[in-house]
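S.K.:
In the working numbering, the protein residues as written are 961 to 1170.
1) Just how far apart, CA to CA, sit residue 1157 and residue 1037?
2) What's the gap between the Cα of residue 966 and the Cα of residue 1016?
3) What's the call for residue 1023, buried or exposed, on a 16-neighbour Cβ count within 10 Å?
4) Check whether the Cβ atoms of residue 1008 and residue 1079 sit closer than 8 Å, and answer yes or no.
5) With 16 as the cutoff for other CB atoms within 10 Å, does residue 1103 come out buried or exposed?
6) Decide if residue 1120 is buried, meaning its Cβ has at least 16 other Cβ atoms within 10 Å, or exposed.
7) Are the segment 998-1005 and the segment 1114-1128 touching by the rule of at least three beta carbon pairs closer than 8 Å?
8) So, with DSSP's three-state summary, where would you put residue 993?
9) Tell me which residue opens and which closes the alpha helix (DSSP H) that residue 1087 is part of.
10) Where does the unbroken alpha helix (DSSP H) through residue 1076 begin, and where does it stop?
11) Using the three-state DSSP reduction, which class does residue 1051 fall into: helix, strand or coil?
12) Going by beta-carbon coordinates alone, are residue 1153 and residue 982 separated by less than 8 Å?
13) Contact defined as beta carbons within less than 8 Å: I believe residue 1139 pairs with residue 1052. What is the distance between those atoms, to the nearest angstrom?
14) Three-state secondary structure (DSSP) at residue 1104?
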């Protein structure tokens, strides 16, 4: 994995996790918490996200093999999920791919929301997990998977930092600023999803390449 791909993967995964869309939801779900409780929740969520993303890096492909799922169809399906997520980001809207209305209601009644719904599915959702498995299938070997794990941990730490300083970040950027960053992220995510769709189609239908 070269440095350019390393940076591209980090940005793409970060945008799929979408810290600026998760931020207002985090503030809403922890509205009744004290300052220390909110920060403790962000730390637990960070650890959980890191475990989920790193786990997907190392175990994603073996699980697909056990289930008998071929990579090309999975890449295609995963790219569609990510593309749908990108469209919702471009509109700066919540998406049911990450959390349904029923899950939102349940989350409000939970005593702790750090693991679910915050870590999964709001941050490490289907889009992020799909993207990680596809990337891990392209860059095999211990060294590459170690690099991908480093990126996953870096993304989790970035997300955790945003949540840890959630109130300050929201005050600095405002709702308009958050929406702008979300839309820019949507463009990045959409371009990566379309590229992955193109590769998947060529793998499933070799005749398309001529």
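Beta carbons: idealized from backbone N, C-alpha and C, even for Gly.
M.R.: Looking at the coordinates:
1) Looking at the two C-alpha atoms, the distance is approximately 9 Å.
2) Those two C-alpha atoms are separated by around 17 Å.
3) Classification of residue 1023: exposed, given that the 10 Å Cβ count is below 16.
4) In this structure, residue 1079 lies closer than 8 Å to residue 1008 by Cβ.
5) Classification of residue 1103: exposed, given that the 10 Å Cβ count is below 16.
6) Buried is the call here.
7) Cβ pair count under 8 Å is three or more, so yes.
8) Three-state DSSP puts residue 993 in coil, outside helix and strand.
9) Per DSSP, the continuous alpha helix (DSSP H) segment holding residue 1087 begins and ends at 1086-1098.
10) For residue 1076, there is no enclosing alpha helix (DSSP H), since its DSSP letter is neither H nor E.
11) Coil.
12) It is not a contact, given that the beta carbons lie outside the stated cut-off.
13) Between residue 1139 and residue 1052 a beta carbon distance of about 4 Å is seen, short of the 8 Å cut, so the two are scored as contacting.
14) In the three-state DSSP reduction, residue 1104 falls in the helix class (H, G or I).
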